[in-house]
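Residue numbers (full-length UniProt numbering): 1 to 758. Right, one structure below, let's go through it.
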Amino acid sequence: MWTPLLGCSLTAGLAALQKRPRGAGPLLGFACLLAALVPGWGQSPDNRCAISNAVTCTNCLAVGPECAWCTQEDFMAGTKQKERCDIVLHLMKRGCKADFIESPSAGVTMPAGNSNVQVAPGEVSIQLRPGSEASFMLKVQPLEKYPVDLYYLVDVSASMHKNIEKLNSVGSDLSQKMENISLDLRLGYGSYVDKTVSPYISIHPGRIHNQCSDYDLDCMPPHGYIHVLSLTDKIAEFRSAISKQKISGNIDTPEGGFDAMLQAAVCQSHIGWRKEAKRLLLMMTDQTSHLALDSKLAGIVIPNDGNCHLKDNVYVKATSMEHPSLGQLSEKLIDNNINVIFAVQGSQFHWYKDLLPLLPGTTARQIESQAVNLSDLVVEAYKKLLSEVKIQVENPIQDINVKVTAICPDGSRKTGAEGCKNVKSTAEVLFNISIAMKGCGTTEGRKYMTLKPLGFNESTRVNIHKICACQCEGSVKHKRICVDETSQDAETSSSSDKFSSEQCKMPKGHLVCSGQGDCVDGKCICHKTKLGTIYGKYCEKDDFSCPHHLGNLCAGNGECEAGKCKCSSGWEGDRCQCSSSLRKHCMNSNGQVCSGRGTCVCGRCKCTDPSSLGHLCEFCPTCRITCSDKRNCVPCRHSNSSQIALDQCKTSCAYRLHYTEKSSECTADDPSHFRIFFIIFIVTFLIGLLNVLIIRQIILQWSNNKIKSSSDYRISATKKDKMFLPTVCTKTVTYRRDKPEEINISKLQINETFKCNS
């Protein structure tokens, strides 16, 4: 016992004298003391480092953050390479010196100096290895009476006429009300209508330049977006720009507001956004806005590129580029630190309110008639935006997980997405940032991310340094032991990688280790998670992903496998919430489950045959087997049956008795039924034929009464005189078909009249 203790003490002493972090010597000494005094300490079956069979330093470190690799050449001579991978305490106990132990730890470094005023720290460097986690605190403190840039983006369609007039008095009124919030207020202004193509506007030559011609109004031509006034502290210029504004028009209900909003956000130099100011964009409208893909109706199919396209303060891509999507618009607003206030009049307010979860850093307010509350609306919305502090993670890195927890001034803790509300201007909000590394997946690409409080012009840059290779690999002295892939163990591992991975897969095409572990020498090493425990030969089981019942996973009556509950004996159901003893309530008198026409779910039959019904799916009027079965039970209804027969009826026909009393649709398979059917058919046919003959006779009789002989028709003299024109002369001619008589009529001049020959 004393020998290893003495060896560990010497190792700890050497570590203290060499270039090790302060406190490393005492820590190693304490670890050795525990290892010596408590035999077998740390050698639990959960020691995944020792059972990982890792044959290189890099593979060893990838197993978990607690694993270490010994590079000492004479360490346990004659043993396999995999013995060098273990936890630090075990390696030291077996004689590995501290200088030769590779076990990099996660750490956080904050460079000296911070230029940020509201968000601290401005930059953080974090060192991580696979499976490790590091945390730091982020402080956000809004400044009091911060400079404000307020840009009005106004829908100038005809229905907004009275609201535009109200803007004339807003400038000075708003300046007075904002004095308690900001000492430096600047106002800007822009207008929008919609895309200037059909079917959004009328392209009739008489209306193309004046969409209001039908109403005898002088309107300005429609436009996608015009930047009218850059941000200025001169209220007189703002009022002058508003007074000159004319209304316009279009012919469809949604407007092109989001098109204009994106341009106002990204065209910073045109608008005049200040870096040091709080940026507000107020969009005033009474209608909804077009979204991405709406413009396909006009044949516009080029996606919005999110760039600035103002020429002479006019948006020139309105007719060739689609409307932006909500995701694209949200990204540009966050990138440019812009908070949006939707000032909406009328019933469309709720449409914009529903969009708020999709557009972080936005709020919606309802305008009263003629915008009388516009100034108060802006002040209230600005105060609300100032009182909410949230963190947005930008530029995420693959294999890096970020967890943000807000510690609000009132002591409550919220997720970063939810943030803190009702924060006073002088209050300080803390965010606990935990960053974990899942694996080394890739070491290329972006190696930093940004933590950005919404609406603030400051952020924190987080530099990520992945430790995916051992330091000893760069040392010539220890490189052979660090990455000796030529050893027998390494060759065996390399040649059997494919075979090993197949051993780690469940049959039927499942993922290696069910996607929840690493395959090492044909065995699955399950990942660790704070959600619960992952276990099983293929890491196919866990205790957290299955449904709960009454607060218990799988109702406490089964195990969780691949997201589904595998019930223990005596239990069933998708949550193992039902006792198997309930199946007796699904059995009929013949011992069939749900009469063979359904499944038993928690003691109740669920009929799978659509023609079945009843508590046990026992009623099936259309099933042929039903009639033959019931025929055997008919004697049970006779009072003169023997007692033995009645007892048998109680067991075999009990569930049918009620139905046979009520039902009349059961028919027996008897030959007499065919005769009855044939007789009824013949009688019905004869009756129908007789009806046809009678109806035919009636129709013929009615027709005969309508027909009369030609002698019955005479024309009276008075009628005849009225019906025929007067004649000059008449002549009776007897005409025979075999000897026709020729009548010669001489030619007459135009002015002559026809005269009869006497």
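Think of the CB as a built atom: it goes at the ideal place given N, C-alpha and C, for glycine as much as any other residue.
8 angstroms contact criterion, which residue i and residue j should meet: CB distance rounded
i: Glu276; j: Asn457; result: 7 angstroms
i: Tyr535; j: Cys526; result: 6 angstroms
i: residue 768; j: Ile433; result: Summary: the structure shown does not reach residue 768, with the chain confined to residues 1 through 758, and so no result is reported for it.
i: Asp543; j: Thr533; result: 5 angstroms
i: Asn557; j: Ser568; result: 5 angstroms
i: Leu281; j: Val378; result: That pair is no contact at about 11 angstroms.
i: Gly603; j: Cys578; result: 7 angstroms
i: Lys166; j: Ala343; result: At roughly 11 angstroms, the Cβ-Cβ gap does not stay under 8 angstroms, so Lys166 and Ala343 are not in contact.
i: Asn463; j: Val124; result: 7 angstroms
i: Leu183; j: Ser175; result: 11 angstroms between Cβ atoms; not a contact.
i: Pro130; j: Gly439; result: 5 angstroms
i: Ile341; j: Glu133; result: About 39 angstroms; that fails the 8 angstroms criterion.
Residue i, enclosing beta strand (DSSP E) - first and last residue
i: Asp518; result: 517-520
i: Thr362; result: 362-367
i: Ala343; result: 338-345
i: Lys523; result: 523-526
i: Glu458; result: That residue, Glu458, is in no beta strand (DSSP E); it is neither H nor E in DSSP.
i: His227; result: 225-232
i: Leu280; result: 278-285
i: Lys584; result: No beta strand (DSSP E) holds Lys584; DSSP gives it neither H nor E.
i: Cys600; result: 598-601
i: Asn401; result: 400-407
i: Ser191; result: 185-192
i: Thr450; result: 448-453
i: Arg604; result: 604-607
i: Glu415; result: The sequence shown places Thr at residue 415, not Glu. Its beta strand (DSSP E) spans residues 413-415.
i: residue 759; result: An answer regarding residue 759 cannot be provided, because it is not within the stretch 1 to 758 covered by the chain.
i: Gly558; result: 558-561
Own chain partners of residue i with C-beta closer than 7 angstroms, once the 5 adjacent residues on each side are dropped
i: Thr426; result: Glu144
i: Asn588; result: Ser595, Leu616, Glu618, Tyr655
i: Asn116; result: Gly122, Glu458
i: Cys605; result: Cys586, Cys594, Gly598, His615, Leu616, Cys617
i: Glu540; result: Met506, Ser514, Glu561, Ala562
i: Ser501; result: Val512, Cys519
i: Asn47; result: Ile87
i: Leu531; result: Phe544
Beta-carbon contacts of residue i that lie in its chain and below 6 angstroms, excluding the five residues immediately before and after
i: Trp351; result: Thr288
i: Cys408; result: Cys420
i: Phe30; result: Confidence at Phe30 is low in this model, with a pLDDT of 43, below 50, so its placement is unreliable and the value that follows should be read with caution. Once the five neighbours on either side are set aside, Phe30 has no close Cβ partner at all.
i: Ser487; result: Its pLDDT being 40, under 50, Ser487 is placed unreliably in this model, and the coordinates cannot settle the point.
i: Ala490; result: Summary for Ala490: the model assigns pLDDT 41, below 50, so the residue's position carries little reliability, and this model does not support an answer.
i: Ile300; result: Glu322
i: Ser330; result: Leu359
i: Cys524; result: Cys504, Cys513, Gly517, Tyr538, Cys539
i: Val394; result: The sequence given here has Glu at residue 394, not Val. Here the set comprises Thr450, Lys452.
Cβ neighbours of residue i in the same chain (closer than 8 angstroms, five flanking residues each side left out)
i: Ile164; result: Val154, Val156, Ile242, Gln245, Ile247
i: Leu511; result: Lys505
i: Pro453; result: Gln118, Val119, Val140, Val389, Lys390, Ile391, Gln392, Ser459
i: Gln328; result: Leu262, Ala292, Asn304, Gly306
The alpha helix (DSSP H) enclosing residue i, as first and last residue numbers
i: His270; result: 268-271
i: Asn168; result: 161-177
i: Arg239; result: 235-243
i: Ser330; result: 326-335
i: Lys438; result: Premise fails: Lys438 is in no alpha helix (DSSP H) and is neither H nor E.
i: Val379; result: 374-386
i: Leu355; result: 349-355
C-beta neighbour in chain C for residue i, strict 8 angstroms
i: Ala260; result: Given the protein chain composition of this structure (a single chain), no chain C is represented.
> Is it a yes or a no for the stretch 218-236 touching the stretch 184-194, going by three-plus beta-carbon pairs under 8 angstroms?
Replying inline: Touching, per the Cβ criterion.
> Is the stretch 123-143 touching the stretch 170-179 in the sense that three or more CB pairs, one from each, lie closer than 8 angstroms?
Replying inline: At 8 angstroms Cβ cutoff, the stretches do not touch.
>> Below 8 angstroms, how does it come out for the stretch 290-299 and the stretch 311-324: are there three or more Cβ pairs, yes or no?
In response: The stretch 290-299 is in contact with the stretch 311-324.
> Which runs of the alpha helix (DSSP H), 4 residues or longer, sit entirely within the stretch 41-127?
Replying inline: Annotation note: the stretch 41-127 contains the following uninterrupted alpha helix (DSSP H) runs of length 4 or greater, listed N- to C-terminal: 57-63, 88-93.
> Does the stretch 296-311 come close enough to the stretch 262-272 to have 3 or more Cβ pairs within less than 8 angstroms?
Replying inline: yes
> How do the stretch 48-56 and the stretch 74-92 stand: do at least 3 beta-carbon pairs fall below 8 angstroms, yes or no?
Replying inline: yes
> Considering only residues of the stretch 135-159, which uninterrupted beta strand (DSSP E) runs meet the minimum length of 3 residues and lie entirely inside it, listed in chain order?
Replying inline: 148-155
>> Does the contact criterion of 3 or more C-beta pairs under 8 angstroms hold for the stretch 86-105 versus the stretch 63-74?
In response: yes
> Between the stretch 380-398 and the stretch 354-370, do three or more beta carbon pairs fall short of 8 angstroms?
Replying inline: yes
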